[in-house]
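If you read the sequence shown in our numbering, its first letter stands for residue 2, the second for the next number, and so on. Note that beta-carbon positions come from the ideal geometry of N, C-alpha and C, so glycine has one too. Below is one structure, written out as structure tokens; comments come after it.
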Amino acid sequence: MLSAGDFRNGLTFEQDGNVFQIIEFQHVKPGKGAAFVRTKIKNAITGAVVERTYNPTDKFPVAYIERKDMEYLYNEGDLYYFMDPETYEQLPVGKDVLSDNFKFVKENVTCKICSYKGNVFGVEPPLFVELEITETEPGIKGDTVNNSYKPAKLETGAEVKVPLFVNEGEKIRIDTRTGEYLERA
2 MLSAGDFRNG LTFEQDGNVF QIIEFQHVKP GKGAAFVRTK IKNAITGAVV ERTYNPTDKF
62 PVAYIERKDM EYLYNEGDLY YFMDPETYEQ LPVGKDVLSD NFKFVKENVT CKICSYKGNV
122 FGVEPPLFVE LEITETEPGI KGDTVNNSYK PAKLETGAEV KVPLFVNEGE KIRIDTRTGE
182 YLERA
């Protein structure tokens, strides 16, 4: 059991059937009245962030979230299949569990599968991926006065904005958290 007085950033606990992760916490001891703990917590399954206050003596069970590296194999309809590299077991994950940044993941890339008590609730792609540009307009020579970008379609089907000097067929590095072009690979 974890008491609210022992809260630290990153800890996960269970409350009312939900799993929460502490983003920020602050122990407050006002001049009058009892001390309390002001927190900003994130629902680990839905992603919703709320602010709550707790009595420092409130107790909660600790929630252990398992993060396992698994290799993305393929998708079939709304199911995406991941393989455990140690046991070679395949795990189907529904499309509704995947985040928006999964559009940057191609086959045979290792992702982190997040689960709680055996139920998968999230898939974390790698922070940076290298992808090939399949479609983009050629840059116009001399058009470098300002920091201009053009749309480019990647091998996964996702679209990003790239600088004018980047051409079709080149590999680029993408930050999956923001979906932005970083550099040529």
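Residues near residue i in its chain [Cβ-Cβ closer than 6 Å; skip 5 each side]
{"i": "Leu3", "result": "Phe14, Phe61 and Val63"}
{"i": "His28", "result": "Val38"}
{"i": "Gly140", "result": "Leu165 and Phe166"}
{"i": "Tyr117", "result": "Val20 and Ile66"}
Residue interval of the beta strand (DSSP E) (run including residue i)
{"i": "Lys172", "result": "Lys172 to Asp176"}
{"i": "Tyr59", "result": "Checking the sequence shown, residue 59 turns out to be Asp, not Tyr. Unbroken run through Asp59: none, as it is neither H nor E."}
{"i": "Val130", "result": "Phe129 to Thr137"}
{"i": "Gly95", "result": "Gln91 to Gly95"}
{"i": "Pro164", "result": "Glu160 to Pro164"}
{"i": "Ala153", "result": "Tyr150 to Leu155"}
{"i": "Gly123", "result": "Asn120 to Glu125"}
{"i": "Arg185", "result": "Glu181 to Arg185"}
{"i": "Lys113", "result": "Thr111 to Tyr117"}
Residue i at chain C interface by Cβ criterion, 9 Å
{"i": "Phe105", "result": "Included in the structure is just one protein chain, with no chain C present."}
Helix, strand or coil at residue i according to DSSP, with G and I counted as helix
{"i": "Ala45", "result": "coil"}
{"i": "Val63", "result": "strand"}
{"i": "Val38", "result": "strand"}
{"i": "Val98", "result": "helix"}
{"i": "Phe21", "result": "strand"}
Own chain residues within Cβ distance below 8 Å of residue i, not counting five before or after
{"i": "Arg185", "result": "Val167, Glu171, Lys172, Ile173 and Arg174"}
{"i": "Leu74", "result": "Tyr82, Phe83, Met84, Gln91, Glu108 and Asn109"}
{"i": "Lys189", "result": "Since the displayed the chain opens at 2 and closes at 186, residue 189 lies outside it and no answer follows."}
Beta-bridge partners of residue i, as assigned by DSSP
{"i": "Phe83", "result": "Tyr73 and Leu92"}
Contact between the stretch 87 to 98 and the stretch 35 to 53 (3+ Cβ pairs under 8 Å): no
The stretch 43 to 59 in contact with the stretch 81 to 88 per 3-pair CB rule at 8 Å: no
The stretch 52 to 59 / the stretch 102 to 109 touching (three or more Cβ pairs under 8 Å): no
Segment contact, 8 Å Cβ cut-off, at least three pairs: the stretch 112 to 128 with the stretch 155 to 163: no
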